[in-house]
Each structure stands twice: as C-alpha cells, then as structure tokens.
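S.K.: Would you mind keeping the following structure in view while I ask a few things?
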Amino acid sequence: MAAAWIVLVLAGNVLDLGEANSAYPAFPLRTKGRFIVDANGSRVRLKCVNWYGAHLPQMVANGLDRVGPGQIAKTISESGFNCVRLPFSLDGVIGNFSRVPDPKVSLAACPELQDRSPLEVFDATVDQLTQHGLMVILNNHVSTSMWCCDTSDGEGLWYTKKYPEASWLNALSLMADRYKENPLVMGFDLRNELRPAGNVWPQWGGNESATDWPRAATKAATTILEKNENMLIIISGLYFGIFLCQVPTYPVHSEVPFLKGRVVYTAHEYNWFNFHLVARAGIELYVGLIVAAFPACWLLLCLIRYLGRRGVLQRCSGCPCRRSSNAAAEGSGDWCSESCRSCTTEGSNPCVEFSVAALLATLCAVGLKIIPGFIQRCDITGVYIGVFCAAFTPVCAAVSIFLWTRAAFLALAHREETRASAVLELISLPQAREAGDGNGIGTGSQQLDGCALPQHAQRCRTKRCVLAMILVLMACTLLAVWIEFGKYEAFAKELDFRWGFLQSPSGEAVPVWLGEFGTDVQNLWWKHVLRYIADNEVDFAYWSINGEKYNGIGESFGLFNADFATVQQPWKLEQLQAAMKDATDPAAIITE
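Take a look at the structure:
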C-alpha cells in the first residue's frame, strides 16, 4: 500500500480524475491568511463530503455492504467533491479488534475484506479514496464506537474514562504515522464537536488540563507532526463546534510557533444551531396555535352542549335552565338564579385575558430580539443570561397560549349563553304578559351581556378599543421580529460572530472549514447557508454522502441512497455543486 502511494507522488502532480477533479495540488498544504494553499502558493479550496460509519459499532464505512470502496470513491469524485472527511473511533484504532464485529453484514459486498481488522478495512477505504484523487481528512469522531452527539454520551471531551488523554494522543500518533507516505491524507480533525461531558465543560484556555481545549489541541498537534510534518491541524470550535468566537483570546494559529501556517479551525452548522431561524419557527408555531385555539374551543363547546343534551354532563344542577337545553324548548319559564349564573362565564372577562395574552406575546417578541445581544458577548455571563432569556421566553409563550385558549372559550361560551337567554325570553314572553308582569323580560340576556345596557356601552367600547390596540401592537411586534430574523443579513451576522469573523481581511485572518452541515428540506436555512458558502467561498464538508445511518435506518441528510448509486434528492446535490464554483481563479497565487 505504501509503495502505491509513493508511486502516486512520483507520477507527477496531475491525475486523471475525469470532469470532477482535474487539478492535483502540489503538496504539502499550508495556510496563508484565510486560505489553504499548496506548495506553489495557489489556493486549495476544500469541497468535501463526510463518509461515515467507521466510528459506529460496525467499525467500517457505510455502503460496503452494497458496493466496494472504489465504486463509492468514484461516485464522490464524479460528483465534484475533492476531499472526504473520514470519521473513526479510538475503538477502531487501539481497541484490539482483530476482526470487524459482523463482517458478513457490513462487508457483504467486499468478501476480500471480511477477515481484516477494522483498521485494515479503514486502510483499504483510504487507499481507494486517494487512488481516485480525493484528499482525505482524518477525524477522531468518538472514543467508544457509537452514534454522536449529545451531552449525555460521555464523549464530549477529548478523553473518556475508557480512553484517557494519553490513549487519545497515542491513537492520533498511530494514525498520523500510518498514512504519512500518502500526501493526499493531508489533514487531521483532532476531535468532533467539543461539548460538556457530565458537569465538565470544555473551555478555550484557562490552563486547566481537564478543560483547556487549546492546550490539549496543541499536545495533539505536537504528537501528529512528530509523525507527519505535512499534515494540516484542524481544531474544532466549542459547544458542538458552534463557537470559535473565543479564538482571539488564545489564537493557537499564531501563539504556538510550530503551528504557524498549519492550523485550520472547523465549525459545524445545522438548522437547529441558528438562533434567529429557530426563534422564527417558534413565532410561526405560536401563531399557529393561537389560530387553532378558536376552532378548538368552538368544537369543545359543541361537545359540552351535546353532552348536556344527552344528560351526560350537567353544568349546574341547582338551576332548571342549566339541567338541560330542553328547558327552553319546554317553556318552563324558570329563570337562572344568581347562584346558577355564578358557575357560568359571569365574573370572567375575556377582554382582560385576551389583553394579558397579547402583552405576554409582545414581551416574548422583545425577549427574542434582545437574546442575541447577550449570546454574542461570547463570555460565560452573556451565555447564562441568554440561556435564561431563551428559557423564560417559551414559558411566557406557553402562559400566553393558555390565556388565549381560555379567553377564546369564555368568549364563545358567553356568546352562546347570551343567545340561549334570548331564546328563553321569547318563549317566556307570552307567560309573562298573561301574568301581567313585564319587569323581568330581558333581564337574563342583559345580565349575561353587560354591554347591552346603555350605561355600559361606552365602557365596553373603550375595553374593545384598548384590546384592539394591544392586538395590533402584538401583531406588529411579532411580524417585525419574524421578518428580521428571516433575513439573510441576520443569518450572516450570526455566523460571522460565531466563526466567520476569523476569515475577515480586516483582522488576522485564518482558514475556517465548515466541517459539517446538512439538511433534508429546501428551507430558508439551506438557502442562507449555501449563499454564505458561495459569497465567502467557504471550505466545507457536507454531512453526508451516506444513504443509510445505521441498522437499516435511512440517512435523510444523505446525498445518495443506500446503494450509493442513485441520488436521494437531486436538488440538494445540484445546489451544492453550484456552491462549489469559485468566484476567483483557483490557480491564483495567494499573496496576502
């Protein structure tokens, strides 16, 4: 295998890669400003895809049960990608597995590999990728083979109980040494998505061995470069790879002398990472629930009336007109007593509850607007305040929805009772005239509807005007926030704050590689992230090429189906290929 790689280098700097990948960079790669460049100083833009599976309990890349690694490598290359991010677990490197756990299943299409160890199958995978001219970035995804990632899996740091830091460093050293003769294995993504593990939170600095991620990354870089001095060192952001905003407090790329020109930072971006779009979706959900509350309350009221007619539900057994709606039809002439009216909507004011609900909604919208100001301080105090506000806002929204629902029910019930009282008056009118007593006529409906009395009309109009103004204020506030949060400028500003600023020419620029992003729907987030990639010519790795996740579960984000031959969602691959186009000449010499 090593001999084949040496021949690859000696054959010159051009490979026949078909239409997809025609340029073969001059290795080794380095960084200059915000760009990755080759030995001639020409920019090399990483247009990668993730091909995972080796970090899972199966310990081999997905798809080898359907086709061989060479066919998958060909598919990747012909799709226009020039590199592959290849995750692995420490189990697969130093876990002492002599064979793949279930080779006849996971390697069904590769019988020649079924007797090999996980690491030897990984070798064959890397070999086929590089034979097809694809650069490879090794990624230590997890320690123990498993799906990643959450805060409870114990894999959030670079070390675990099973594999302490020394074991992690040893595994990285072995992998760097293993592929040192293959120049296309050109980068090492040290650890995937740093995040809390139990009560331990990773920090950018602090000089605590258990939490200082830059310190650990520097150790890892030292270990790797001792074995392979030509590798790029790729360092993840904190908190699932979201934040690189603290890099200026300790810029590894410039503070560590032997890492100058070798460091690439990596960030991840998914729809649920973006505060503005998540908040926008929350507003849409909130409005949808409010709209649904009124027909839901009407249906509930109809159900109550139906059950009342059937005698299943009696709201107030002490009053004849409440025992059944048939009382009116029977013309009993009985009027609702004061005690009976006290168990209806009397005493409840829907206008007040509507107003409080609308004011709470307005408060939520204002809260959503100010939360980014705290989060974007990039310090722990700001994060805590932002998290508190982010938690408080849904609580207010939930209370508001409850009040909307209750007020809607009360308003509808109030209307129904007013109509029922009017019917009773009409039925009882002849009886009242015969008795020569007209004093009580209209009393029921007027008591239920206070606005029917002339002396109360002005007060009711005032209440309704105030409610209308509050509703308009709520609608305008929610709409304004919804529109603002959906704009590309808000999206770009959030990414710029988190990691995009590192590529700004106004400062000390450094490359940032978008190591993961993916979707299964053409939504606003997808539109914005593709525009951001294209506008800024971002180096990236799409998640993922896979058509299957694990155990037969489909990978909805995958570019291809499980057969690695048919495209899963053509629009996605087409739009990715459009984003790969370089605005500047890729062969231009970078002088910044």
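Read in order, the letters of the sequence shown correspond to residues -20 to -1, 1 to 572 in mature numbering (1 follows the signal peptide of the UniProt record, and there is no 0). Every residue gets a Cβ at the ideal spot worked out from N, C-alpha and C, and that includes glycine.
(1) Measure the C-alpha to C-alpha separation of V101 and I463 and round it to an integer number of angstroms.
(2) What number of angstroms, rounded off, separates the C-alpha of V336 from the C-alpha of V446?
(3) Is the beta carbon of F497 sitting closer than 9 Å to the one on I525?
(4) Consider the Cβ of A89: report whether some Cβ of chain C lies at a distance smaller than 9 Å.
(5) What span of residues does the beta strand (DSSP E) with D18 cover, start to end?
(6) Starting from H248, trace the beta strand (DSSP E) in both directions and tell me its first and last residue.
(7) Among the candidates D18, W278, A391, whose CA atom is the shortest distance from the CA of C331?
(8) Cutting at 7 Å between CB atoms, please list the residues of its own chain near R478, excluding the five before and the five after it.
(9) With DSSP as the reference, identify every bridge partner of S69, one or two as the case may be.
(10) Less than 9 Å between the C-beta atoms of P49 and Q108, yes or no?
(11) Looking at the unbroken alpha helix (DSSP H) that takes in A345, where does it start and where does it end?
(12) Start and end of the alpha helix (DSSP H) containing T202?
(13) Please state whether DSSP places D519 in a helix, a strand or coil.
(14) According to the Cβ coordinates, are L9 and Y32 closer than 9 Å?
(15) The beta strand (DSSP E) that contains D45, what's its start and end?
(16) Quick check on E173: buried or exposed, where buried means 16 or more other Cβ atoms within 10 Å of its Cβ?
(17) Run the CB neighbour count on K198, radius 10 Å, all protein chains shown included, and call it buried at 16 or more, exposed below.
(18) On the premise that Q548 lies in contact with L556, defined as a C-beta separation below 8 Å, what is that separation, rounded to the nearest angstrom?
(19) Excluding the five sequence neighbours on either side, which residues of its own chain have a C-beta within less than 6 Å of the C-beta of A196, listed in chain order?
(20) Tell me whether the beta-carbon of G466 lies closer than 9 Å to the beta-carbon of L504.
(21) Which residue wins for smallest C-alpha separation from L257, given the options E474, V29, A19?
(22) Go ahead and pull the three-state DSSP assignment for K160.
(23) Can you tell me where the alpha helix (DSSP H) with L109 in it begins and where it stops?
(24) Could you tell me the alpha carbon to alpha carbon distance between A559 and V452, rounded to whole angstroms?
(25) Return the CA-CA distance between F253 and A388, expressed in angstroms with no decimal places.
(26) Would you decide whether D130 is buried or exposed? Buried here means 16 or more other CB atoms lie within 10 Å of its CB.
(27) Shortest alpha-carbon distance to Q461 belongs to which of D45, P491, V518, A259?
(28) Assign V271 to one of two classes, buried (16 or more other C-beta atoms within 10 Å of its C-beta) or exposed (fewer than that).
(29) Identify whether Q548 lies in helix, strand or coil by the three-state DSSP scheme.
(30) Less than 6 Å between C-beta atoms, sequence neighbours within five positions excluded: which residues of the same chain meet that for N208?
(31) Using only CA atoms, which one of Q483, V80, I213, G72 lies nearest to E517?
(32) Could you tell me whether the Cβ atoms of V244 and T546 are closer together than 9 Å?
(33) Roughly how far, in whole angstroms, is the beta-carbon of L99 from the beta-carbon of V165, given that I think they are within contact range, below 8 Å?
(34) For Q356, which residues of its own chain have a beta-carbon under 7 Å away from its beta-carbon, when the five flanking residues on both sides are left out?
(35) Output needed for F274: all residues of its chain with C-beta closer than 6 Å, excluding positions within five of it in sequence on either side, in chain order.
(36) Measure the Cβ-Cβ separation of Y522 and A472 and say whether it is below 9 Å.
M.R.: Result, derived from the coordinates:
(1) Distance between the alpha carbons of V101 and I463 is about 50 Å.
(2) If I take the Cα positions, the gap works out to 12 Å.
(3) No.
(4) The structure shown contains no chain C, having only a single protein chain.
(5) Looking at the DSSP string, D18 is not in any beta strand (DSSP E), and its letter there is neither H nor E.
(6) First-last of the beta strand (DSSP E) with H248: 243 to 248.
(7) Nearest C-alpha to C331: A391.
(8) So the qualifying residues of the chain are I222, F223, L224, C225, A247.
(9) The beta-bridge partner set that DSSP reports for S69 consists of V122.
(10) Yes. Within cutoff.
(11) Unbroken alpha helix (DSSP H) run through A345: 330 to 355.
(12) Start and end: 193 to 207.
(13) Reduced to three states, the DSSP call for D519 is strand.
(14) Not in contact: L9 and Y32 (Cβ atoms no closer than 9 Å).
(15) Premise fails: D45 is in no beta strand (DSSP E) and is neither H nor E.
(16) Buried, since its Cβ has 16 or more Cβ neighbours within 10 Å.
(17) The question names Lys, yet the displayed sequence has Thr at residue 198. By the 10 Å Cβ count, T198 comes out buried.
(18) Taking C-beta atoms under 8 Å as the contact rule, L556 and Q548 fail to qualify, at a distance of about 12 Å.
(19) Cβ within range, chain order: W138.
(20) Cβ atoms of G466 and L504: closer than 9 Å.
(21) Looking only at E474, V29, A19, the smallest Cα-Cα distance to L257 is reached by E474.
(22) K160: coil per DSSP, three-state reduction.
(23) Here the alpha helix (DSSP H) through L109 covers 98 to 111.
(24) Rounded to the nearest angstrom, the two C-alpha atoms are 42 Å apart.
(25) Their backbone Cα atoms lie some 35 Å apart in a straight line.
(26) With fewer than 16 Cβ atoms within 10 Å of its Cβ, D130 is classed as exposed.
(27) The residue asked about is misnamed: residue 461 is Val in this sequence, not Gln. Nearest to V461 by alpha-carbon distance, out of D45, P491, V518, A259, is A259.
(28) Its Cβ having fewer than 16 others within 10 Å, V271 is exposed.
(29) Coil at Q548, not helix or strand.
(30) Once the five neighbours on either side are set aside, the close Cβ partners of N208 are A156, K160.
(31) Residue Q483 holds the alpha-carbon nearest to the alpha-carbon of E517 among Q483, V80, I213, G72.
(32) No, Cβ-Cβ distance for V244 and T546 is not below 9 Å.
(33) Contact flag wrong, Cβ pair sits at about 14 Å.
(34) Within the same chain, Q356 has close Cβ partners F477.
(35) Excluding sequence neighbours, F274 sits near A388.
(36) At least 9 Å separates the beta-carbon of Y522 from that of A472.
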